[in-house]
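If you're matching positions, the sequence shown starts at 107 in our numbering and goes up one per residue. For every residue, glycine included, the Cβ atom is placed at its ideal position computed from N, Cα and C. Right, one structure below, let's go through it.
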Amino acid sequence: MKKILVAGSSNIDFVLRVTEMPRKGETVRAKSFSKVPGGKGANQACACGKLGGDCTFLSAVGTDGLGDIVLDSLRAAGVKVDKVLCDKEAPTGMAVISVNDEGENSIMVVPGANAVCGTAYFEANRESLAAADIVLAQLETPAQDIYRLLEEAKQAGKTTVLNPAPAPDDIPDAVLRGLDFITPNETELEKLTGMKTGTVPEITAAARSLRDRGVRNVLVTIGPRGALLCGEAGEKIYPTFDAQRVDTTAAGDTFNAGLVVGLAEGMALEQAIRLANAAAAISITRKGAQTSIPTREEAEQLMDSTRD
107 MKKILVAGSS NIDFVLRVTE MPRKGETVRA KSFSKVPGGK GANQACACGK
157 LGGDCTFLSA VGTDGLGDIV LDSLRAAGVK VDKVLCDKEA PTGMAVISVN
207 DEGENSIMVV PGANAVCGTA YFEANRESLA AADIVLAQLE TPAQDIYRLL
257 EEAKQAGKTT VLNPAPAPDD IPDAVLRGLD FITPNETELE KLTGMKTGTV
307 PEITAAARSL RDRGVRNVLV TIGPRGALLC GEAGEKIYPT FDAQRVDTTA
357 AGDTFNAGLV VGLAEGMALE QAIRLANAAA AISITRKGAQ TSIPTREEAE
407 QLMDSTRD
């Protein structure tokens, strides 16, 4: 199996469950509150571990006790966390997440120690990049430093995957050029391209615009419809699995992990996307972020139960 390097954020999630999202100026009563490990980077690393990947994580946490919650969860999933920076000055990153009865969420993030997870840190851990075959990154840590890491990974012949979340207004052409995969959702794709993404033809057109800028494969998660690929092998929608939506917080992170684990195992892209869809479908049936991520056995069972 190829080795996976995930570089990204670590947070503690403060999760509020509400009947409906508050409108501007409105106060609503939350039904429950929980404190759980999260962050897009940590979620994706955790999912890689749970799905059977050989995963090393590069990130930063504080020494405030909250960081230990994140690291303990990752260790339990089998992720290598010995290179995670424990910063004595900055607090562990935090996210306040509201989840309504339909499983929809809104997220506000305080970067904390994630802000120090930059080029100097990555340069001090070059051996982790050298040992990896696939690099998966997001944009909750400083974007310019992630871009530099991806450039180094491309130059070293690694498979590169960028989950552009949270989405910037644009990504430099030099970063997109030669990128193996970019994995936005519909909202992120719209922000990145400035194009509408309300329909499948619009999503396809926006994805093509990223292909035109040099991305090899644009893989857009499109909610209950599955994932749309615009790539070297053509264009296709890969349907997801039927699932009762409870909480979508970690769906995208779980999808990205399923994709890279499949690629690390040498699966054909179609099979890797199928694994990603299965894992993400299971995750939305459960509450929480890392607590919602399925094991590989659970994902395999779902795929087997619906195989033609």
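- Taking a C-beta distance under 8 Å as the contact criterion, Glu292 and Ile309 qualify as a contact pair.
- Within the model, the alpha-carbon separation for Ala357 versus Glu195 is close to 32 Å.
- Taking C-beta atoms under 8 Å as the contact rule, Ala113 and Arg123 fail to qualify, at a distance of about 31 Å.
- In this structure, DSSP gives Cys192 an extended state, which the three-state scheme calls strand.
- Ala370 is positioned such that its CB atom lies closer than 8 Å to that of Ile110.
- Between Ile379 and Tyr344, the gap from beta carbon to beta carbon is short of 8 Å.
- In the DSSP assignment, Glu376 falls within the alpha helix (DSSP H) that extends over 375 to 389.
- Counting along the chain, Thr133 sits inside no alpha helix (DSSP H), nor does DSSP assign it H or E at all.
- Rounded to the nearest whole angstrom, the C-alpha separation of Leu282 and Pro290 is 13 Å.
- Pairwise C-beta distances place the stretch 204 to 218 out of contact with the stretch 182 to 191, as fewer than three of them are shorter than 8 Å.
- With 16 or more neighbouring CB atoms inside 10 Å of its own CB, Phe228 falls in the buried class.
- By DSSP's assignment, Phe287 forms a beta bridge with Val267, Asn323.
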